[in-house]
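With positions in the sequence shown counted from 1, the corresponding number in our numbering is that position plus 1.
The block underneath contains the structure these notes are about, expressed in structure tokens.
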Amino acid sequence: MRPLPSKPLLPERILVIRLSALGDVIQVLPAIEALSRLFPTSRIDAVTESLSYPILKGHPRIDHLHRFPRGEIRKEWREAESRGQARERMEELKYQLQRTHYDLVIDWQSNLRSAWIRMQTHHRHVLQLHPSDGGELPFWWPGWRPRNPAGRVHRIERAMHLVRELGYRGPTPQGEIALPSPALTEEGSRAPILIHPFVSAFGRFKEWPLGHWKELAGRLAQKNETVWISGTPAERAEVEEWVHDSSPQIEMAPETRDTADLAKLVRRCQAVVAADTGIIHLSAMLGIPTVGLYGPKDPSVHGPLGPRAVALRSGVPCSPCPLRDCEHSLCMSSLGIEKVLSGLDSLLHPQSKA
């Protein structure tokens, strides 16, 4: 791995790689916008996994989007009778990637999965994350890297660091998500407040206690707000039970098929409240008032960014921390409901806080 050459690059065909998860993919969208401004006549293609594919499909700055069906391949590979299908998927992806000779590949993933993607392409240059910025590939791995790491900056700025290394000198763009115009809210009705109380199984230590969520929803319902509770298909049974025992103003959010549907759902809401998970980055980029609840992770690095987004913490001494699991999750359980209500109110009624 080497620093970029001093001679400016003028790529005509660029491939960008960001595979997962949803929040991570959303946080490279400002960098893709900056890349298109730096090289306005260049073709920009992208590779992402099936989860984020729907939300990137049709993006105005992406000329062609490749879908890496990693989850499908992994599932099919477990059974002998379906391994042929897994091989076919891999061969089809390789064929699609090799149809274009790229002048530059930007690898915002920088791990073994994205390295495999790079190996399937015809390319001239690769730019990847500095190992000190979370790039998992060792220093000796082939490819260019920034001369210096970005340091402890927000994930959006970490992605921007690679574009600035290529010569971009402007401000960080807001980024955009391409969606059709939202459906209008019925006249006289108030848009709902969306509560997303769940996190991934991998991130259970970032979970706010369910009792806190239920009290928050109840307090909002007392203010005559309509509250939507969202969750994955696996979580809907728990949501149904919650809604069944709650005020009529607390409803199950409409079901979504994919991340594009989720974005459309979010845009129908007056605000979103969630823990450290992908939906808060989605809502912040869409300009929806967003309250993110943080404990183990540092919101200055991982929080939602946007003019209508706020990240809340309890401020316990052990937060943030590098742990992947915790016996007590005090940083989350001690984050009070009043603080969340106040943060939400400051976004919905900023004039009252002036």
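Ideal Cβ positions, reconstructed from N, Cα and C, are used throughout, including at glycine.
Residue i, DSSP secondary structure in three states
i      : result
GLU80  : coil
LEU342 : helix
PHE69  : strand
LEU20  : coil
GLN129 : strand
GLY176 : coil
ASP46  : strand
ASP104 : strand
LEU195 : strand
VAL29  : coil
ALA35  : helix
ARG148 : coil
LEU211 : helix
GLY171 : coil
VAL200 : coil
VAL154 : coil
TRP141 : coil
ILE289 : coil
TRP117 : helix
ALA254 : coil
VAL317 : coil
HIS329 : coil
LEU52  : coil
HIS350 : coil
LEU294 : strand
Beta-carbon spacing of residue i, residue j below 8 Å
i      : j      : result
LEU345 : ALA272 : yes
LEU16  : HIS124 : yes
ILE56  : ALA310 : no
LEU20  : MET286 : no
LYS215 : TRP243 : yes
THR101 : ARG165 : no
ILE178 : CYS270 : no
ALA312 : HIS197 : no
SER115 : ASP104 : no
ILE157 : GLN28  : yes
GLY279 : SER330 : no
ILE338 : LEU211 : no
LEU348 : PRO300 : no
SER111 : GLY85  : no
VAL26  : HIS155 : no
GLY293 : GLY304 : yes
Per-residue burial, residue i [other beta carbons within 10 Å of its own, 16 or more giving buried]
i      : result
GLU187 : Residue placement at GLU187 cannot be trusted, given a pLDDT of 47 that sits under 50; the coordinates are not used to answer.
HIS350 : exposed
TYR96  : exposed
GLY189 : Only weak support exists for where GLY189 lies, its pLDDT of 48 falling under 50; the value from the coordinates is given anyway. Exposed: under 16 other Cβ atoms inside 10 Å.
VAL341 : buried
LYS298 : buried
GLU80  : exposed
GLU226 : buried
ARG325 : exposed
ARG119 : buried
ALA238 : exposed
GLY144 : buried
CYS319 : exposed
Distance, residue j Cα to residue i Cα
i      : j      : result
LEU336 : HIS60  : 37 Å
LEU52  : ALA22  : 8 Å
ALA87  : ALA47  : 21 Å
ARG159 : SER334 : 30 Å
ALA254 : ASN149 : 45 Å
LEU11  : GLY168 : 10 Å
ILE63  : ILE45  : 5 Å
SER83  : SER343 : 52 Å
ILE18  : LEU113 : 12 Å
GLY152 : LEU221 : 40 Å
PRO78  : ARG71  : In the sequence under discussion, the amino acid at residue 78 is Trp, which differs from the Pro named in the question. If you take the alpha carbons of TRP78 and ARG71, they lie about 10 Å apart.
HIS131 : ARG146 : 6 Å
THR49  : ARG68  : 5 Å
ASP134 : GLU208 : 26 Å
ASP259 : GLU236 : 15 Å
SER284 : PRO9   : 36 Å
ASP277 : TYR54  : 21 Å
GLU328 : ARG314 : 18 Å
GLY24  : GLY204 : 13 Å
MET91  : GLU73  : 10 Å
ARG268 : VAL317 : 33 Å
LYS58  : LEU66  : 7 Å
Problem set entry | Touching by the beta-carbon criterion (3+ pairs, under 8 Å), the segment 114-128 and the segment 25-37 | Taking a cut-off of 8 Å on C-beta distances, the segment 114-128 does not touch the segment 25-37, as fewer than three cross pairs fall below it.
Problem set entry | Three-pair Cβ contact test at 8 Å for the segment 300-319 versus the segment 226-237 | Output reads no: the segment 226-237 does not touch the segment 300-319.
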